[in-house]
Structure formats: C-alpha cells, structure tokens
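As they're listed, the protein sequences go chains A and B.
For the first sequence, the numbering used here assigns the number 3 to the initial residue and increments by one for each residue that follows.
For the second sequence, the numbering used here assigns the number 3 to the initial residue and increments by one for each residue that follows.
Structure first, then comments.
2 protein chains.
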Amino acid sequence: MLFFWGLAMNVELSARSRQILEAIVEDYIATAEPVGSSAVARRHAMTLSSATVRNVMANLEEMGLLTSPHTSAGRIPTEKAYRFYVDSLVALRQVSRDEKRQIINHCRKAGAGLSDILKETSRTLSQLSNYMGIVVAPSFNSDVFRHIEFIRLGHRKILAILVSSNGAVQNRLIETEEDHDPEELVRMGNYLNGMMQGLTITQARERVLAEMKNEKTKYDHLMSRALRISEQAVTVDGDDVFVEGQARILDQPEFSDAARMKEIYEAFEKKGIILQLLSRCMSADGVQIYIGSETSLSRSAGVSLVTSRFVTSSNTVGMLGVIGPTRMGYSSVIPIVDYTARMISRLLSEA
Amino acid sequence: MLFFWGLAMNVELSARSRQILEAIVEDYIATAEPVGSSAVARRHAMTLSSATVRNVMANLEEMGLLTSPHTSAGRIPTEKAYRFYVDSLVALRQVSRDEKRQIINHCRKAGAGLSDILKETSRTLSQLSNYMGIVVAPSFNSDVFRHIEFIRLGHRKILAILVSSNGAVQNRLIETEEDHDPEELVRMGNYLNGMMQGLTITQARERVLAEMKNEKTKYDHLMSRALRISEQAVTVDGDDVFVEGQARILDQPEFSDAARMKEIYEAFEKKGIILQLLSRCMSADGVQIYIGSETSLSRSAGVSLVTSRFVTSSNTVGMLGVIGPTRMGYSSVIPIVDYTARMISRLLSEA
DNA sequence: GTTAGCACTCAAAGGTGTCGAGTGCTATTT
DNA sequence: AAATAGCACTCGACACCTTTGAGTGCTAAC
Chain A
3 MLFFWGLAMN VELSARSRQI LEAIVEDYIA TAEPVGSSAV ARRHAMTLSS ATVRNVMANL
63 EEMGLLTSPH TSAGRIPTEK AYRFYVDSLV ALRQVSRDEK RQIINHCRKA GAGLSDILKE
123 TSRTLSQLSN YMGIVVAPSF NSDVFRHIEF IRLGHRKILA ILVSSNGAVQ NRLIETEEDH
183 DPEELVRMGN YLNGMMQGLT ITQARERVLA EMKNEKTKYD HLMSRALRIS EQAVTVDGDD
243 VFVEGQARIL DQPEFSDAAR MKEIYEAFEK KGIILQLLSR CMSADGVQIY IGSETSLSRS
303 AGVSLVTSRF VTSSNTVGML GVIGPTRMGY SSVIPIVDYT ARMISRLLSE A
Chain B
3 MLFFWGLAMN VELSARSRQI LEAIVEDYIA TAEPVGSSAV ARRHAMTLSS ATVRNVMANL
63 EEMGLLTSPH TSAGRIPTEK AYRFYVDSLV ALRQVSRDEK RQIINHCRKA GAGLSDILKE
123 TSRTLSQLSN YMGIVVAPSF NSDVFRHIEF IRLGHRKILA ILVSSNGAVQ NRLIETEEDH
183 DPEELVRMGN YLNGMMQGLT ITQARERVLA EMKNEKTKYD HLMSRALRIS EQAVTVDGDD
243 VFVEGQARIL DQPEFSDAAR MKEIYEAFEK KGIILQLLSR CMSADGVQIY IGSETSLSRS
303 AGVSLVTSRF VTSSNTVGML GVIGPTRMGY SSVIPIVDYT ARMISRLLSE A
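Here it is as structure tokens:
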C-alpha cells in the first residue's frame, strides 16, 4: 500500500520535479530549516531560475508533497515526500571502509554472549548513525531448545536454567511445593532434556502441558513434579530489547523541546510498544522503513524508523534498526542498517 | 567535612533565620521560582513584615545560603542552603500507608530473580518519588560462590553458569582450545564446586589462579583444563545498574532545556560514572545525601542524589536511591529511600 | 515553457514603554 | 535596639510597535 503510493507518484512526476523534490528533501535533512525556491536554484547550480522552481514547488505542494509552515517561509517535505524520496529518489551512500571496520570490530570485541553482542550492536548503530540504535533479540520462544538444568538454591527454591541453541540463556527462580534434593533434580533434568530435544521453546512448552495430562506420567511422581516445575521454566514472557544512544537524539533541533522528548522517552520505557512495532518488520526481508505516522510510535513525535531483520544459526529472527527524526539521513542510515544486519546474521550463523 | 559545615551553620543561625531559610527552601522546592520577601512573610503567616524578612534574607545571602538570579527577583537557595536544610531543618514526612503498600507489593510481585526484584524496585522508587530511581546490584564478586556448571554448546564452545548465594546468575560463553565432552564437563564442575565451596567469587578467582601454579594440578590434565576454563568464568567485570523513570525528570522545569538534559543522559549511558559515584555510599549506613556538586555527576547539571544501601542474606551490599534536581522534595524522598532500603534488605535476607 | 518584476505576507529581530515584584536604605515606631 | 513603614530604585517580563528580509504568487514579457 505504501509502496503503491510511491510507484503512483513516481509515474506522475516529471524528471525535473523529482530532481527539485530531491533537492528540497536533502536540503531540509541537512539544515532542518524550510527550503526556499532560491536556495534550491542556487544550491543545485541548476539552469533554472528561482521563479521556475517556485512554480514547480507550488505543484508539489498541491500534490501533498510539501507544506509551508507559514506564508512566507520556505517549504518542508511532508511524510509523503519522505516516503517518495526513500522509495525512488534516495541515492544510497556506500558504507565506508571505516564504518565497516567499526561494525565488524564492535561485533567481535563484545563478550561472546548473545546479549553482549546485541547490546554492542545497538551501540554501534547509534554511533554510526548519530541517532538511536535499537536491537530486538530473536524471540527466545521460537528458538530451539538445547538444555535445561536445575540447581537447588535452598529449601524449596530451585534455579532453572534454560539454554537455547542460539546461546541465549534464561534463568528462573522457582519456588516448589516440596523440597527436591540435587539427585532428584538431575534426574528431572535428564528426563526433560530427552523429552524436549529438537523442539522450539514454544513447542517444548506445549509438550509439557500435554504430558501433564497424560495418564502415564500423571502417576509417576518424578515426572509429574518435573513437568510442573519445567512448566514455569519454559514460560518466557518478554523479548530482550536493547536501546542505546538515547542522549544522541537530543542533538536534533526538532527534539529540543521537552514535551516532545518526553513522549519519545515514555514510549521507550514501555518496551511493549517497540515490540509491537517491530514485530511487523520480522516478516519481510531487507531494510524496512517507517516514516512518521507509519511508525505508530507517537502521532506527534515525527520519528522515523529504519530496520532490518537478522537471522541466527537456528533460523530465529531478530530485528535491528535506527530511530531518528523523520528528517533523517536516510542515504547513510539505510546502508548502515543493511550492512549491520548482514554482518550480525553472518556472525550469529557461524556460531 | 560536609557534616561539619552543617553543624557550624547550625550554631550561627538564630531560630528565626532558620525558620525563614526553611520557608524559602520549601517554597522554592514547591514552585521552582525565586522566593521574595513578601512571599515568605505571607505564606508563613508570620508576625514579621516583609521588610524584616528582607533584612534576614540579606544576612543569609551574605552567609552564602541564598543568591539572587538578578537584582530584583526573589532569592534562591544555594547548595549550601540545601545542605543545611537537609542536615538540620527538614521535617521528614512519614511514609504513608499507601506508599508502604506499593513498595511491598512491587517487591513481591516481581519475578523472584534477583535482577527482577531490583529492576522493579528501581521503578517503584521512580514512581513514588517522581524522580529517577536507581539501584545497583550487590557486587557479584564479593558474593559467596554457590555453584558452577558447564554446558557444552558446540565444538569448543562451552556455556559456563555461575551462581552466587544471592541467587544472582552469570552466564559466560567460553571458547576452549580443545573440545570437551559433557562427561568431562561434569567432572570439571564437580571438582571446581568442591574447591570453591564457601569462598566469595573474588576468593574463588584467587584460588583458581593459585591452583594453576600448583605443581600437583599442573600435571593433571582434567584439573588444569578445568582451571583454565573456570578462570574465565569467575572473572566478572561490571556490576548491574538499574535506572528507571528517565522520562520523569523531564517534568522538572529546570531540565526543560536540551543541553542540560543531554548532560544527564550522557552521564547515565556511561554507567561507570554512576558506579564510581555510588561506591562512596556503600561504606556508610543509613541514608546518604549528595547535593549538586557533591555528586560530582556533572558540575552544571544541578542534580542531587539520595541513597541508602541494602544488604543481602550473604552480607553483600547493594545501593539504591533517587536522582532528581537539587530542588528535590527531600522531606518525602528521604523516608521513601530509607523505607525501601529496609524492605529490600529484609526481603533479600529472608531468601 | 521560462523568466523577470512586483506587490504582498509574515516571522524574526530589535526597539520602546509600562508594569510590578523585589530590593536596599533610611527614618520612624515600639 | 529591634521591627517596621515608606520610598526610590532596579530590572526582568510583557505588550506593542517597526523594520527587515526571505519567500511567495501572480502577471506580463520573452
């Protein structure tokens, strides 16, 4: 639907109009100030006079691609214009050698744990883009079970450790109804490890629930206890989200006022919003771009989101991207996100 | 030294001056606007005229307790005034029944893991105080070792799981020089568990290093490998810090401008600063208060910090507190921090 | 179709004047 | 001697004005 718009406009615009729109968008991205007709004529060393540019701009405004904040200011691009720009105008920059180096180094240097890598990635994205970096860990639930283990911590207190084949680890403290001694726990572990081999965490959970209703296991003390405990262990709720570089967006002039800022920060404290937002881009391959209201992050905040998914060795998908103002340097952010996603995918597939 | 100042001033001020200073500080805390002499006379239904109050205020200014932002505005308290206020004026509010309920509920409802509890506590502090809540987990290194366990994840890849008696868990992915099969890992685990029983993590680490030099173990293949791996496992670097309610401080008028905000947020992205800051309050018991530059957080930012430490069953100490503007509602924040620290201590001691 | 010219608009910037909260000082009261 | 009333003074805040200049839309000429 969004893409359709882009194509539709693509057809309707003359080459010159497109060129001018591109100039305006890029100017505005660079300066954050309304762009006037003469600025366009000048900056682009075009063979056109400002008057001509004005006519074109009036056209573009009528088409809903530009607006003026007031009668005699320059014009600024609408969301529609950004959409069009991103779909068919933007000339993507190459990822520089230096940036590549940074991305790769950061990936490697992180402690080898999955969450360390992802956190570091988030930071790298933020540094390279100068906006906010965001990474959503592959959903633990859809990852493949590797190992479960119980450790007795005290009277009726057990620590359950659940490892997925990604190398992601979940710890859960469980209070049991009766006390279990270490040997019992080992046997439970063996039983469950056998049962869950090869399943995803979600499937494992279903399997546990099914087994609990099974007549055979119902009357086996050890098994039924093991199942009851493991039911808690395999119930993993939230996915991990790593957000870095929150301070950076304060550099952007459009976020200098406090009310606006607050909206964004509050959105981030409720991580649920982000997850909901990002689950959308899990399905499609390649870089996805959400502009302004398309993000449904907060109507008024004027933020955009450039994301891509990455895959792990066990074929679960995660999400990474950059959040910044609508007026974002798409030409460099898009390649950075793309490249980073590829690198992370490769790194995690090796493992 | 700071306390000495408080006492010194205590002596020098007449009862009336103190009363007026208190009124000014409290007014300023409530309104964030410079307080004028007539406001003091009026608000306090004092038997004094504004002219008299003026004289007293001139005195206080000379003593460095007040400043005027410009000739004909009211006066605002200096850091010194806050210090004095906190040391000897403030009338602490009782923690209300409702607040107590919230604190206790939040503690309990959290998933039983240590980090869940602390994160939730941080959020509670933020909610009750309307400032930023901060909790530093007890240093893992000084906690008592409980259990170590190795899980083979793949060729030459081991997951080490280290549990302390607090119930804190550390996972670490380790790449080994040779491949180890699961049975070998179990034996290594047994050996190390025996060796480290009763030691703190730091001691355990020293013990490992010592054993590695020991002639006897040097020539035992299993042991020497176990030691080499465990050396990595017991090397834990950073402590966990939980900061919640960052959006809340945007409500404070003094932080409405972006430059100021940025300073604070950047301080928080480098968690190191916080740790350094908080390590100071680990030693002393009871509520500690750091005002403005005393925090050494960022000279210009004008933030204060109210903290208290808490203890766990294994006698390690953590830190919790509230960060807000110097102009902070000390009378309610101090009791909240105090009460929360006590509750958390109790909760963690039970475990 | 392009451009030059011109009248018009409007925000931003700067200047002026008033208002009032607040001060310091001094003379007066208690 | 301490407290107060009175008064002149200061200075930011606000409202109001003008000027400036960037930018527009329109029209007539090329």
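Cβ atoms here follow ideal geometry from the backbone N, Cα and C, with glycine treated the same way.
Remember, it's a predicted structure, so these values are computed and weren't measured experimentally.
So which of the options has the shortest CA-CA distance to residue i?
{"i": "GLY66(A)", "options": "LEU91(A), SER39(A), SER281(A), LEU23(A)", "result": "LEU23(A)"}
{"i": "LEU68(B)", "options": "SER39(B), GLU296(B), SER52(B), VAL138(B)", "result": "SER39(B)"}
{"i": "ALA41(B)", "options": "SER52(B), ALA34(B), GLU268(B)", "result": "SER52(B)"}
{"i": "GLY135(B)", "options": "GLY156(B), GLU352(B), GLY200(B), PRO327(B)", "result": "PRO327(B)"}
{"i": "LEU94(A)", "options": "THR342(A), GLY331(A), SER347(A)", "result": "GLY331(A)"}
{"i": "GLN290(B)", "options": "ALA25(B), ALA60(B), ASP89(B), THR318(B)", "result": "ASP89(B)"}
{"i": "ASN132(B)", "options": "VAL236(B), GLN254(B), THR73(B)", "result": "GLN254(B)"}
{"i": "ARG20(B)", "options": "THR73(B), PRO79(B), SER74(B), GLU35(B)", "result": "PRO79(B)"}
{"i": "ILE106(B)", "options": "THR123(B), PRO71(B), ARG262(B), LEU116(B)", "result": "THR123(B)"}
{"i": "ILE276(A)", "options": "ALA260(A), ARG262(A), GLY240(A)", "result": "GLY240(A)"}
{"i": "LEU175(B)", "options": "ARG158(B), VAL188(B), SER166(B)", "result": "ARG158(B)"}
{"i": "ALA303(A)", "options": "GLU265(A), SER310(A), ILE338(A), CYS283(A)", "result": "GLU265(A)"}
{"i": "SER381(B)", "options": "LEU201(B), ALA260(B), PRO140(B)", "result": "Any question about residue 381(B) goes unanswered here, given that chain B covers just 3 to 353."}
{"i": "VAL305(B)", "options": "SER347(B), LEU252(B), VAL92(B), MET190(B)", "result": "LEU252(B)"}
{"i": "PRO71(B)", "options": "CYS283(B), VAL138(B), GLU101(B), GLU35(B)", "result": "GLU35(B)"}
{"i": "VAL37(A)", "options": "SER74(A), GLU64(A), ASN61(A)", "result": "SER74(A)"}
Is residue i near residue j, with beta carbons less than 8 Å apart?
{"i": "PHE312(B)", "j": "GLY320(B)", "result": "yes"}
{"i": "LEU229(B)", "j": "GLU213(B)", "result": "yes"}
{"i": "LEU161(A)", "j": "GLY76(B)", "result": "no"}
{"i": "ILE203(A)", "j": "PHE244(A)", "result": "no"}
{"i": "THR314(A)", "j": "SER351(A)", "result": "yes"}
{"i": "GLU246(B)", "j": "ARG103(B)", "result": "no"}
{"i": "LYS218(B)", "j": "SER226(B)", "result": "no"}
Can you pull the chain A residues whose beta carbon is under 7 Å from the beta carbon of residue i, in chain order?
{"i": "ILE163(B)", "result": "ILE163"}
{"i": "LYS264(B)", "result": "ALA249, LEU252"}
Roughly how many angstroms lie between the CA atoms of residue i and residue j, to the nearest whole one?
{"i": "SER127(B)", "j": "ASP287(B)", "result": "Per the sequence shown, the amino acid found at residue 127(B) is Leu instead of Ser. Spanning the two alpha carbons is a distance of roughly 19 Å."}
{"i": "ALA10(A)", "j": "TYR84(A)", "result": "Confidence is the limiting factor: at ALA10(A) the pLDDT is only 46, short of 50, which leaves the residue's position unreliable and the question unanswerable from this model."}
{"i": "PHE152(B)", "j": "GLU233(B)", "result": "13 Å"}
{"i": "LEU349(A)", "j": "CYS109(A)", "result": "8 Å"}
{"i": "SER16(B)", "j": "GLN248(B)", "result": "40 Å"}
{"i": "ASN216(A)", "j": "LEU307(A)", "result": "48 Å"}
{"i": "ARG250(B)", "j": "SER333(A)", "result": "34 Å"}
{"i": "MET345(B)", "j": "ASN173(B)", "result": "28 Å"}
{"i": "PHE142(B)", "j": "GLU28(B)", "result": "40 Å"}
{"i": "HIS223(A)", "j": "PRO184(A)", "result": "16 Å"}
{"i": "LEU194(A)", "j": "HIS149(B)", "result": "21 Å"}
{"i": "THR342(A)", "j": "SER258(A)", "result": "29 Å"}
{"i": "TYR267(B)", "j": "LEU299(B)", "result": "11 Å"}
{"i": "VAL55(B)", "j": "ARG329(B)", "result": "22 Å"}
{"i": "LEU50(B)", "j": "ALA43(B)", "result": "6 Å"}
{"i": "TYR292(A)", "j": "TYR87(A)", "result": "13 Å"}
{"i": "PRO337(B)", "j": "GLN129(B)", "result": "14 Å"}
{"i": "SER98(B)", "j": "ALA261(A)", "result": "31 Å"}
{"i": "SER144(B)", "j": "LEU120(B)", "result": "18 Å"}
{"i": "MET263(B)", "j": "ILE325(A)", "result": "19 Å"}
{"i": "VAL238(B)", "j": "GLY200(A)", "result": "32 Å"}
{"i": "ARG154(B)", "j": "LYS272(A)", "result": "36 Å"}
{"i": "TRP7(B)", "j": "GLU81(B)", "result": "Low confidence applies to TRP7(B): its pLDDT is 40, below 50, so where it sits in the model is not reliable, and the reading given next is rough at best. Whole-angstrom Cα-Cα distance: 12 Å."}
Please compile the residues from chain A whose C-beta is within a distance smaller than 8 Å of the C-beta of residue i.
{"i": "TYR267(B)", "result": "GLN248, ALA249, LEU252"}
Considering only DSSP beta bridges, list what residue i is partnered with.
{"i": "ALA162(A)", "result": "PHE152(A), ARG174(A)"}
{"i": "TYR292(B)", "result": "LEU307(B)"}
{"i": "GLY323(A)", "result": "ILE136(A), THR309(A)"}
{"i": "LEU246(A)", "result": "Going by the sequence as given, residue 246(A) is Glu instead of Leu. DSSP, once it has assigned bridges, lists GLY135(A) as partnering GLU246(A)."}
{"i": "ARG18(B)", "result": "Partner(s): none; ARG18(B) has no beta bridge."}
{"i": "THR69(B)", "result": "ILE78(B)"}
Using the beta-carbon of each residue, which ones in chain B are nearer than 7 Å to residue i?
{"i": "ALA260(A)", "result": "LEU252, SER258"}
In chain B, which residues lie less than 9 Å from residue i when you measure between Cβ atoms?
{"i": "ILE136(A)", "result": "None at all; the shortest Cβ gap to chain B is about 14 Å."}
{"i": "ILE276(A)", "result": "Simply none; closest approach about 14 Å."}
What residues of chain B sit near residue i, judged by a beta carbon separation below 8 Å?
{"i": "GLY288(A)", "result": "Correct list: empty, because the minimum Cβ distance to chain B is about 29 Å."}
{"i": "GLU271(A)", "result": "GLU246, GLY247, GLN248, ALA249"}
Taking Cβ-Cβ distances shorter than 9 Å, what residues in chain A pair up with residue i?
{"i": "GLY200(B)", "result": "None at all; the shortest Cβ gap to chain A is about 16 Å."}
{"i": "LEU155(B)", "result": "ARG148, HIS149, VAL165, SER167, GLY169, ALA353"}
At a threshold of 7 Å, does residue i count as lining the ligand FAD (C-beta to nearest heavy atom)?
{"i": "GLN21(A)", "result": "The ligand FAD is not part of this structure, which contains no ligands at all."}
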